[in-house]
Amino acid sequence: MEKGLYNPDCAFCDSPYCALLNQKSCKKCCMSKLEPEEQIKAGEDIFFVVEALPENGLEDIMNAKECALCRPGEDEAPGEAQRYAQFDMGHIHPLVPADQKENGRYKRAASMVIPVQLPVCDDCRHKLNLLYYLPLGIGVLIAALGLVATSLEAVRIPLTRYGRIIPFLVFLISVCIGVIVACIVNRMLRRRIERSMNTRAKRIPALLELVKNGWFPIGRKDGMISFSFTKEKLDSGLLTGENQREALEKIRGFGREGVALVAENTLKRAEREQSAE
Ligand SMILES: [Zn+2]
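Count along the sequence shown from 1, then add 92; that gives the number in the numbering used here.
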């Protein structure tokens, strides 16, 4: 971002709100596409997000050197962080009326969302990838074997003697067996993984403060978090930048009403610079 350059289309250009949004350029930032009133509302939303964040934002969480998911024994240390596990956390929007709130559940229109990146070790990543793909793979394989078997003449013809629909029923049974086996394998793997890893937000020490502040992971219904893994940290987006504490302190200091004031001052400054040119 070219700091110090005033974008007349954006009320928050080069402000702490801009720092938290951490966009590569004004062209790629959602703020510059909004009308001034919408920008104020978006700025207010950022203020509500900030109010619900730990003092240093997400910086301490994403910059940790040790794996956030390892659950080491007494004399063991967590693994060294080698990748980032990405996922989203939601929070009920404070302006949503009580009757529209669904506590702990994500409802797009009633929630605030932040991207969270947890440093993780390769061992934890392998275990989770096994959990994500192995049960599904086994289920699909069993169903595919059923399909292949019932397509073979040597199997299909003897089966049709009992009724023309029998081969199809055998295939359906293989699909059901596939689903059941996938569920069993999934449960077994989950139990095994949970002995050596923290997979739920409430058990991940790095997320405890966020959870205490009302944030919950968005995604699976079984309480486990669905991660996608990246080699590097995200280089742009809300709360992905460095020095978050400084921007957070300023935004907290401005307060909710300060959003409009910051917007007004920024626009006035942009106008002054334009008339001086
Ligand atoms: Zn680990």
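Note that beta-carbon positions come from the ideal geometry of N, C-alpha and C, so glycine has one too.
Is the region 288–298 touching the region 152–168, taking contact as three or more C-beta pairs under 8 angstroms? Taking 8 angstroms as the limit for Cβ pairs, the verdict is that the region 152–168 does touch the region 288–298.
Hey, L264 and I258 are a contact pair by Cβ (cut 8 angstroms); roughly how many whole angstroms apart? Stepping through the sequence shown from its first residue, residue 264 is reached at position 172. Stepping through the sequence shown from its first residue, residue 258 is reached at position 166. Not really, about 11 angstroms apart at Cβ, beyond 8 angstroms.
Note down the Cα distance separating G96 from A274, rounded to an integer number of angstroms. Residue numbering aside, residue 96 sits at position 4 when the sequence shown is read from its first letter. Residue numbering aside, residue 274 sits at position 182 when the sequence shown is read from its first letter. Low per-residue confidence applies at G96: pLDDT is 46, beneath 50, and the placement is therefore not dependable enough to give any value.
How far does the beta strand (DSSP E) with S203 in it reach, from first residue to last? Sequence index remark: in the sequence shown, residue 203 carries index 111 (1-based). Looking at the DSSP string, the run of the beta strand (DSSP E) that includes S203 is S203 to V212.
Go to S288, then tell me how far its alpha helix (DSSP H) extends in each direction, as first and last residue. Translated into the one-based positions of the sequence shown, residue 288 becomes position 196. That run of the alpha helix (DSSP H) goes I258 to S288.
Along the chain, where does the alpha helix (DSSP H) containing T412 start, and where does it finish? Since the displayed the chain opens at 93 and closes at 369, residue 412 lies outside it and no answer follows.
Run the proximity test for D101: is its beta-carbon closer than 7 angstroms to any non-hydrogen atom belonging to ligand 1? Locating residue 101 in the sequence shown gives position 9, counting from the first residue. For ligand 1, not one heavy atom lies less than 7 angstroms from the Cβ of D101.
Identify the continuous alpha helix (DSSP H) that holds Q131 and give its terminal residues. Translated into the one-based positions of the sequence shown, residue 131 becomes position 39. Counting along the chain, the alpha helix (DSSP H) containing Q131 begins and ends at P128 to E143.
Taking contact to mean 3 or more Cβ pairs, one atom from each stretch, closer than 8 angstroms, check whether the region 144–158 and the region 335–344 are in contact. Contact holds: three or more Cβ-Cβ distances are below 8 angstroms.
Can the beta-carbon of M181 be found closer than 8 angstroms to that of I310? Against the sequence shown, residue 181 aligns to sequence position 89. Against the sequence shown, residue 310 aligns to sequence position 218. Cβ distance < 8 angstroms, so M181 and I310 count as in contact.
State yes or no: is the C-beta of C159 nearer than 7 angstroms to some heavy atom of ligand 1? Counting from one through the sequence shown, the residue named residue 159 turns up at place 67. C159: yes, Cβ under 7 angstroms from ligand 1.
Beta carbon of R217 nearer than 8 angstroms to that of F321: Locating residue 217 in the sequence shown gives position 125, counting from the first residue. Locating residue 321 in the sequence shown gives position 229, counting from the first residue. Using a Cβ distance threshold of 8 angstroms, R217 and F321 count as a contacting pair.
In this structure, what does DSSP give as the bridge partners for R175? Counting from 1 along the sequence shown, the entry for residue 175 is found at position 83. Its beta-bridge partners are V212.
Which class does P108 belong to by DSSP, given the choice of helix, strand or coil? As a working note, residue 108 is residue 16 in the sequence shown. DSSP places P108 in helix when its eight states are reduced to three.
Do you know how far the Cα of R344 is from the Cα of E130? In the sequence shown, counting from the first residue as 1, residue 130 sits at position 38. In the sequence shown, counting from the first residue as 1, residue 344 sits at position 252. Distance between the alpha carbons of E130 and R344 is about 20 angstroms.
Just how far apart, CA to CA, sit Y176 and A241? Within the sequence shown, numbered from 1, the residue matching residue 176 stands at position 84. Within the sequence shown, numbered from 1, the residue matching residue 241 stands at position 149. Y176 and A241: Cα-Cα distance of roughly 42 angstroms.
In whole angstroms, give me the CA-to-CA distance for M123 and G315. Along the sequence shown, read from residue 1 onward, the residue named residue 123 stands at position 31. Along the sequence shown, read from residue 1 onward, the residue named residue 315 stands at position 223. For M123 and G315, the distance between alpha carbons rounds to 33 angstroms.
Do Q209 and Q178 count as a contact pair if the criterion is CB distance below 8 angstroms? Taking the sequence shown and counting its residues from 1, one reaches residue 178 at position 86. Taking the sequence shown and counting its residues from 1, one reaches residue 209 at position 117. Yes, the pair counts as a contact, with Cβ atoms nearer than the cut-off.
Can we count P128 as close to ligand 1, meaning its CB is less than 7 angstroms from some heavy atom? By 1-based counting over the sequence shown, the position of residue 128 is 36. It does not: the Cβ of P128 is nowhere closer than 7 angstroms to a heavy atom of ligand 1.
Contact under 8 angstroms by Cβ, L126 with L331: Position 34 of the sequence shown, counting from 1, holds the residue named residue 126. Position 239 of the sequence shown, counting from 1, holds the residue named residue 331. No.
Quick check: the Cα distance between E349 and E365, rounded to an integer number of angstroms? As a working mapping, residue 349 is identified with position 257 in the sequence shown. As a working mapping, residue 365 is identified with position 273 in the sequence shown. The alpha-carbon atoms of E349 and E365 are separated by roughly 25 angstroms.
Going by alpha carbons, who is nearest to A235 out of Q336, L226, V271 and N114? As a working note, residue 235 is residue 143 in the sequence shown. Ranking the options by Cα distance to A235, first place goes to V271.
Checking the sheet assignment: what are the DSSP bridge partners for D180? Taking the first residue of the sequence shown as position 1, residue 180 is located at position 88. In the DSSP assignment, the residues bridged to D180 are P207.
L300 classed as buried or exposed, judged by whether at least 16 other C-beta atoms fall within 10 angstroms: Here residue 300 refers to the residue found at position 208 when the sequence shown is read from its first residue. Under this definition L300 is an exposed residue.
Less than 8 angstroms separating the beta-carbons of G238 and V277? Counted from its first residue, the sequence shown places residue 238 at position 146. Counted from its first residue, the sequence shown places residue 277 at position 185. No, they are not a contact pair.
C162 - DSSP class collapsed to helix/strand/coil: By 1-based counting over the sequence shown, the position of residue 162 is 70. Note: C162 maps to strand in three-state DSSP.
Could you check the C-alpha separation between L233 and L226 for me, to the nearest Å? Taking the sequence shown and counting its residues from 1, the one referred to as residue 233 is at position 141. Taking the sequence shown and counting its residues from 1, the one referred to as residue 226 is at position 134. In this structure, the CA atom of L233 is about 10 angstroms from the CA atom of L226.
Identify whether P309 lies in helix, strand or coil by the three-state DSSP scheme. Looking up residue 309 in the sequence shown gives position 217. In the structure shown, the three-state DSSP call for P309 is strand.
Quick check on P128: buried or exposed, where buried means 16 or more other Cβ atoms within 10 Å of its Cβ? Here the question's residue 128 lines up with position 36 in the sequence shown. Label assigned to P128: exposed.
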